[in-house]
Each structure stands twice: as C-alpha cells, then as structure tokens.
Amino acid sequence: MDLWVSLEEAYSGNFVEVTRLKSLYKQTAGTRKCNCRHEMRTEQLGAGRFQMFQMKVCDDCPNVMLVHESRTLEVEIEAGVDDGQTQTFSGEGEPHIEGEPGDLKFVFRIEKHPVFERRGLDLYTNLTISLQDALNGFKTEITHLDGHKVEIVREKITWPGARIRKKDEGMPAMENNNKKGILYVTVDVEFPRGELTAEQKETIKSLLKQNSVLPKVSLLLTKKTRFLPTWIEKHPIFERRGLDLYTNLTISLQDALNGFKTEITHLDGHKVEIVREKITWPGARIRKKDEGMPAMENNNKKGILYVTVDVEFPRGELTAEQKETIKSLLKQDSVLPKVSLLL
Numbered sequence: 001m002d003l004w005v006s007l008e009e010a011y012s013g014n015f016v017e018v019t020r021l022k023s024l025y026k027q028t029a030g031t032r033k034c035n036c037r038h039e040m041r042t043e044q045l046g047a048g049r050f051q052m053f054q055m056k057v058c059d060d061c062p063n064v065m066l067v068h069e070s071r072t073l074e075v076e077i078e079a080g081v082d083d084g085q086t087q088t089f090s091g092e093g094e095p096h097i098e099g100e101p102g103d104l105k106f107v108f109r110i111e112k113h114p115v116f117e118r119r120g121l122d123l124y125t126n127l128t129i130s131l132q133d134a135l136n137g138f139k140t141e142i143t144h145l146d147g148h149k150v151e152i153v154r155e156k157i158t159w160p161g162a163r164i165r166k167k168d169e170g171m172p173a174m175e176n177n178n179k180k181g182i183l184y185v186t187v188d189v190e191f192p193r194g195e196l197t198a199e200q201k202e203t204i205k206s207l208l209k210q211n212s213v214l215p216k217v218s219l220l221l222t223k224k225t226r227f228l229p230t231w232i233e234k235h236p237i238f239e240r241r242g243l244d245l246y247t248n249l250t251i252s253l254q255d256a257l258n259g260f261k262t263e264i265t266h267l268d269g270h271k272v273e274i275v276r277e278k279i280t281w282p283g284a285r286i287r288k289k290d291e292g293m294p295a296m297e298n299n300n301k302k303g304i305l306y307v308t309v310d311v312e313f314p315r316g317e318l319t320a321e322q323k324e325t326i327k328s329l330l331k332q333d334s335v336l337p338k339v340s341l342l343l
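Residue numbers (full-length UniProt numbering): 1 to 343.
Right, here's the structure in full:
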C-alpha cells in the first residue's frame, strides 16, 4: 500500500494514523468441511510387523464468516526516509482461512515539493536575486523544510547559474540523523527591463571595462564523398528542429546592459546580423525570420533561427565606490528568495 508523505515529513520525521477496513474471519454457528491434512501414523502389530495408516488431525472445523473491521494503525515516518522504502506490520494483511493472516506493507512515496528537489541526501533549490545584488554582493535567508533559516552570503560578483553549496543542510540519513547531505542553491539573476540612457551606458562601460564577447563561429560545410544511407551529422553550433535552427550567443554583461551589434556566420557562410538596443537578460531568445532550414519541396520557404543569449559576468569583487555607482545606476530592490511552505 502506497503512503504519500511530504518532503517536510521526510526531513523531520512524523507519526501518522492510517485508518483502514481490515478483513478477518470470525467463528460462527455450524461446521464446515476443512482442508486439514491427514497425518501418517505407524503402529506396531507384533515382532517385526508394522502398519501405516492415515489419521485425521481434527474433527469438522467450526464455521467462519468474513467480516470487515475498522482498524487504525500508527505509522512512523522516520527522518530521512526515501521514496520506495517500506514499513511492515505483521499480521495486518489479508486473512487466510487455514492459517495466519499476511503482513501489511506500506511503501513510502515522497510528494513533489514546490521549492526543494531531493536527490539522495542532497537538496536543490533556486534563489532569484537582482542584478544589483549579483554585482554588489548580498545577504539573505532561505526558509528550510523545518522552518529554520539558512543564511546565504556573497561578497563577490555572482553570475547566473552560480551554485552555492551549504554543507549539512541537506536531508538527514535515516540510519544516522546527525549525518546530513548538502543543500545546493542555484542563483538566477533578474535583469532590469528597458534601455539605459547614453550617460548610464557610458558609466557601465567605464565601470565594467569588459570587451565584447565574440559569438561562436560556425564551421562551413565542405564537399564530402557520401555513401548511402545519408545521416544528418550533429553540428557543433546549430541544432535543427524541423525547419527551425537553434544556437547560442555569448555576450558580455556590458553588452547586455548597453546593447550590442554582432554577426553570426550561418551554415553557408552568409552573415546574420544581431542587433539589440535594449537590455538583454540571460536566456533571452532572439528570433530571426527566414534564417532557418529551407523546405525541401520549396527552398524559398525557410524556418526561423532562434538565438539564445548567454551573459558572461566579470569575476571577483567590485570596490565600495563601484558598488555605490551600481546601486545608484540600477536602483533595483533586492529580489526576495522563494520561501518554502511549512507544514
């Protein structure tokens, strides 16, 4: 029998009561034909003479009837229990008319959590911060499964996808609750929208001093001798989905904030111009119409080229003066982290 428990219960442990209808046999009036086995007996008739015969173990067995009774079981959810682990209650299973009832086995199933993901003893979650906090550093808290606070502090620049490791903040081991896994916090950075002024762009340029990051350049096709059957080789730059093409473009944080103009070399060598005047955030997707694959039945019909933008952040730590400049420039409020739902 599956027993669904929350991740909070799996973290802290709990006792739950399960009420069920238990089937059992009860004696009633009359007798019944039993299935009792006969035993073989040996009797000595004289010197060297023996006789074997069958003997019935019991008289007619009393009659029974199947009834259902409500039973409440207290099930212990041990701290650290994992999906698929079981707990067995002896004699609480289905009845047998000629023997003892079977066992009842509960199989623990862990419900999906809206904030934390469990992998073994480790926990994973996401934290969204503002671009201002990503550049200047930040201090915040995450509410854990049992309600205690986990402090997250960063003094250096934090880039999108950065993973912060908090030791002993994962799930407890069931055999030893003092042993705990790791909590991994993956950081997402929320960019401001819109476009900076010319003055702000100059400030960003002098502050970050990043060179533009050159886009990846495709490898041009050369003539090859092909043998049947023909397979479409995996390309290092472009991914094909039907008539559409997908690729990535890496730009600097300076270009992401100030806007940029660059080119991507297509499969046949022609240049695809990518221009952005507004702020570009990590994961932004630029759509270039008629730059996808040609349709085989009509080469004038082409799909779409989707360019997903990655933003390369500077490393290290800004000075106090630079942090103040960023603060006055971006004027972003700190983005509150996601908060877990407590029981």
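The C-beta atom is built at its ideal place from N, Cα and C for all residues, glycine as well.
- Taking residue 174 as reference, the option from 95, 85 and 293 with the minimal CA-CA separation is 85.
- If you draw a straight line from the Cα of residue 142 to the Cα of residue 149, it is about 6 Å long.
- Ranking 120, 67 and 108 by CA distance to the CA of residue 94 puts 67 first.
- Around residue 280, the same chain offers 256 and 309 as residues with beta carbons nearer than 6 Å, after the five sequence neighbours per side are excluded.
- Just measuring C-alpha positions, the residue of 6, 245 and 203 sitting nearest residue 114 is 6.
- If you keep only unbroken beta strand (DSSP E) runs of at least 3 residues inside the UniProt domain "Chaperone DnaJ C-terminal" (232-314), you get 239-241, 244-252, 260-265, 271-276, 285-288 and 305-312.
- Following the DSSP letters along the chain, one finds residue 132 inside the alpha helix (DSSP H) bounded by residues 131-136.
- Across the structure, residue 320 and residue 13 are spaced so that their CA atoms are roughly 46 Å apart.
- As a beta-bridge residue in DSSP terms, residue 2 pairs with 107.
- For residue 203, the CB contacts under 7 Å within the same chain, skipping 5 residues up- and downstream, are 325 and 329 in chain order.
- Nearest in C-alpha terms to residue 266, of all of 248, 254, 277 and 253, is 248.
- Judged by DSSP in its simplified three-state form, residue 90 adopts coil rather than helix or strand.
- Here residue 325 carries a helix assignment [DSSP, helix/strand/coil].
- Nearest Cα to residue 187 within the set 207, 158 and 201: 158.
- Contact annotation: residue 304 and residue 291 have beta-carbon atoms nearer than 8 Å.
- Within the same chain, 51 come within 6 Å of residue 43 by CB-CB distance, once the 5 residues on both sides are set aside.
- Taking C-beta atoms under 8 Å as the contact rule, residue 182 and residue 193 fail to qualify, at a distance of about 35 Å.
- If you check the CB distance, residue 127 and residue 81 do not come in under 8 Å.
- Put simply, of 78, 119 and 9 the residue whose alpha carbon is nearest the alpha carbon of residue 147 is 9.
- In this chain, the alpha helix (DSSP H) harbouring residue 8 covers 7-12.
- Taking the Cα of residue 199 as reference, the smallest distance to any Cα among 240, 302, 258 and 234 is reached at 258.
- Taking the C-beta atoms as reference points, residue 245 is found no nearer than 8 Å to residue 296.
- Residue 156 and residue 316 do touch by the CB rule: their CB atoms are close to 6 Å apart, below 8 Å.
- By the criterion of a C-beta distance shorter than 6 Å, residue 105 is surrounded in its chain by 86 and 88, once the five residues flanking it on both sides are discounted.
- Taking a C-beta distance under 8 Å as the contact criterion, residue 322 and residue 196 do not qualify as a contact pair.
- Under the three-state reduction of DSSP output, residue 143 falls in the strand class.
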